[in-house]
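Chemist:
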Amino acid sequence: MRRFLRENSLSLAFGALFLASLVGQAFAGWHQLNDELFADGLHQITLGGYLTSANFAVDVTENWQSEYLQFLLYVVLTVWLVQRGSPESKPLKDAGQESDEVQKVGAYARPDSPKLARAGGLRTLFYSRSLGIVMGTIFLLSWLVQSVAGWATYNESRLRQLRDPIPWVSYLTNSDFWARTLQNWQSEFLAVGSMAVLSIYLRQRGSPESKPVGASHEATGIEG
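Take the sequence shown: its letter number 203 is residue 258 in my numbering, and every next letter is one higher.
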């Protein structure tokens, strides 16, 4: 057990942080919604009712979709785009998809390579892009759920104001949907861009996200 915890400590730590944050968000959001309902003279809801509500779903998924969009773009764009001096970039000369030999695909696969790297054909083609495909799928599904949940909460607000609800297709072009979406996207793009640039000049000793402390500012694609 001790070995398992040590070898999986990073994923376990982030899993615990995720669950703690989700629970905290659930309680905070529940109290916030009940405050709004009380102010409007409406009945308050239980925690269970809040967890199955569109309000909770939209608050969660609007963050999920932006995070997975961030990783999707980062995974795909770093194939071709580089940043001199950043450990978040490949070496400048390696821009592109690289050769089968470098990627250890097909005839160049090693004995310990995944089976799909040796299979060839469509299976290897799909596997060689599977990370981006999965990230993109999760992004699209999260964005879809956000749009449906956001539509439901938006129409709830309209009904409280004695206004007619709007169809889902109309909500997709509504400022409420895009305000929720873009306020998350801009922060993700800023964070990734900042990391790529700041890691050129700043260091974090022992972190694989940083260059070695003594590495040149010009060193690219080197992790410490």
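Note that CB positions come from ideal geometry on N, CA and C, so glycine has one too.
1. Please name the residue, chosen from V113, S212, F82, L74, that lies closest to G103 on a Cα-to-Cα basis.
2. Can you tell me whether G96 is helix, strand or coil according to DSSP?
3. Is there contact between the stretch 111-127 and the stretch 231-240, where contact requires at least three CB pairs shorter than 8 angstroms?
4. Starting from the C-beta of P220, find all residues in its chain whose C-beta is less than 6 angstroms away, skip the five residues before and the five after it, and write them out in chain order.
5. Would you call the stretch 80-98 and the stretch 157-166 touching, i.e. three or more CB-CB distances under 8 angstroms?
6. Tell me whether T275 sits in a helix, a strand or coil according to DSSP, three-state version.
7. Once DSSP output is grouped into helix, strand and coil, what is the label at K148?
8. Report whether the distance from the Cβ of L199 to the nearest heavy atom of the ligand PLP is below 7 angstroms.
9. Mind checking M56: buried by the 16 CB within 10 Å criterion, or exposed?
10. Identify the continuous alpha helix (DSSP H) that holds T280 and give its terminal residues.
11. For L217, which of helix, strand or coil comes out of DSSP?
12. With N89 and T208 assumed to form a contact (beta carbons below 8 angstroms), what rounded beta-carbon distance in angstroms separates them?
13. On the three-state DSSP scale, how would you describe V268?
14. In whole angstroms, what is the alpha-carbon distance linking L196 and F126?
15. What did DSSP end up calling S154 once you bin it into helix, strand or coil?
16. Below 8 angstroms CB to CB, which residues in the same chain sit around A162 once its five sequence neighbours on both sides are set aside?
17. Looking at C-alpha atoms only, which residue of L67, E62, H98 is the closest neighbour of R215?
Modeler: Well, looking at it:
1. One-based indexing of the sequence shown puts residue 103 at position 48. Comparing C-alpha distances from G103 to each of V113, S212, F82, L74 shows the shortest one belongs to F82.
2. Numbered from 1 along the sequence shown, position 41 holds the residue referred to as residue 96. Residue state, collapsed to three classes: coil.
3. yes
4. Against the sequence shown, residue 220 aligns to sequence position 165. N210, R213, listed in sequence order.
5. no
6. Residue mapping note: residue 275 aligns to position 220 of the sequence shown, counting from 1. In this structure, T275 counts as coil in the three-state DSSP scheme.
7. What you label residue 148 is simply residue 93 of the sequence shown in a count that begins at 1. K148 falls in the helix class under three-state DSSP.
8. Among the ligands in the structure shown, none appear at all, so the ligand PLP cannot be discussed.
9. Along the sequence shown, read from residue 1 onward, the residue named residue 56 stands at position 1. So M56 counts as exposed.
10. Look at the range of the chain in this structure, 56 to 279, and you will see that residue 280 is not part of it.
11. Position 162 of the sequence shown, counted from the start, is the residue given in the question as residue 217. In the structure shown, L217 sits in coil (DSSP, three-state: anything other than H, G, I, E or B).
12. Here residue 89 refers to the residue found at position 34 when the sequence shown is read from its first residue. Here residue 208 refers to the residue found at position 153 when the sequence shown is read from its first residue. In this structure, N89 and T208 do not form a Cβ contact; the two beta carbons are roughly 15 angstroms apart against a cut-off of 8 angstroms.
13. The residue you call residue 268 lines up with position 213 of the sequence shown. Of the three classes helix, strand and coil, the one that applies to V268 here is coil, per DSSP.
14. Taking the first residue of the sequence shown as position 1, residue 196 is located at position 141. Taking the first residue of the sequence shown as position 1, residue 126 is located at position 71. Cα-Cα distance, rounded: 15 angstroms.
15. Reading the sequence shown from its first residue, position 99 is the one you call residue 154. In this structure, S154 counts as coil in the three-state DSSP scheme.
16. Here residue 162 is taken as the residue at index 107 of the sequence shown, counted from 1. So the qualifying residues of the chain are D155.
17. By 1-based counting over the sequence shown, the position of residue 215 is 160. With distances taken between Cα atoms, R215 lies closest to H98.
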